[in-house]
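Protein chains: 2
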Amino acid sequence: MGHNRDLGYVKAFGKHLKRLRLAKSLSQEELSYKCVIPTSQIGRFERGERSPTLNTIRILAEGLGEEPSKLLEFKYKVKRDL
Amino acid sequence: MGHNRDLGYVKAFGKHLKRLRLAKSLSQEELSYKCVIPTSQIGRFERGERSPTLNTIRILAEGLGEEPSKLLEFKYKVKRDL
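Quick note, the sequences are listed as chains P and G, same order.
For the first sequence, this note's numbering assigns the number 1 to the initial residue and increments by one for each residue that follows.
For the second sequence, this note's numbering assigns the number 101 to the initial residue and increments by one for each residue that follows.
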């Protein structure tokens with residue numbers, strides 16, 4: 001079980017968040033305005049530098065007009081600890 | 101946009117997590133063992149006292165044999181700020 005410090009998943013989430021935002025033709029500023037989350041913070045989420053809380057995932061989903069579960073619908077392969 | 105301190109969502113997540121665990125006939129101890137997460141912590145998540153990180157959501161899903169998105173597939177109505 002790849003464990004807690006698996007930053008790969010947070011990076012994969014960030015790429016997926018960006019894909020969803022671009023699919024809605026939203027800029028980071030527009031999503032930031034909709035979610036009342038600083039643009040800089042959205043940038044950190046998209047680069048996988050910051051992991052959103054559960055509630056922030058819900059707010060991002062609401063800003064994108066999606067269900068929260070959609071934000072976790074991406075492929076990810078856990079790198080097993082060797 | 102119901103915002104950051106909306107603890108209702110975290111509580112709703114906890115109830116959903118418990119439903120998923122019970123649907124697999126797993127005790128908190130068994131899920132704890134599968135996920136390498138302390139039983140006490142799983143209890144806090146289920147009572148909505150603690151919000152899991154993104155990576156912990158992935159680990160809980162793996163322990164339940166589900167996709168991470170399934171852990172966010174529950175109904176939730178945001179209480180608008182009056």
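Quick reminder that beta carbons are idealized off the backbone N, C-alpha and C, glycines included.
Remember, it's a predicted structure, so these values are computed and weren't measured experimentally.
Bounding residues of the alpha helix (DSSP H) (the contiguous stretch that carries residue i)
| i | result |
| --- | --- |
| residue 22 (chain P) | 7-23 |
| residue 133 (chain G) | 128-135 |
| residue 45 (chain P) | 39-46 |
| residue 156 (chain G) | 154-164 |
Contact under 7 Å by Cβ, residue i with residue j
| i | j | result |
| --- | --- | --- |
| residue 174 (chain G) | residue 112 (chain G) | yes |
| residue 117 (chain G) | residue 146 (chain G) | yes |
| residue 57 (chain P) | residue 35 (chain P) | no |
| residue 10 (chain P) | residue 51 (chain P) | yes |
| residue 42 (chain P) | residue 32 (chain P) | yes |
| residue 64 (chain P) | residue 172 (chain G) | no |
Residue i at chain P interface by Cβ criterion, 7 Å
| i | result |
| --- | --- |
| residue 173 (chain G) | yes |
Within-7 Å CB hit, residue i to chain G
| i | result |
| --- | --- |
| residue 79 (chain P) | no |
| residue 69 (chain P) | yes |
Against chain G, which members of the region 31-64 of chain P pass a CB distance test of less than 8 Å?
Using a CB distance below 8 Å, the part of the region 31-64 of chain P facing chain G consists of 34, 35, 36, 51, 52, 53, 54, 55, 56, 57, 58, 59, 62 and 63, ordered along the chain.
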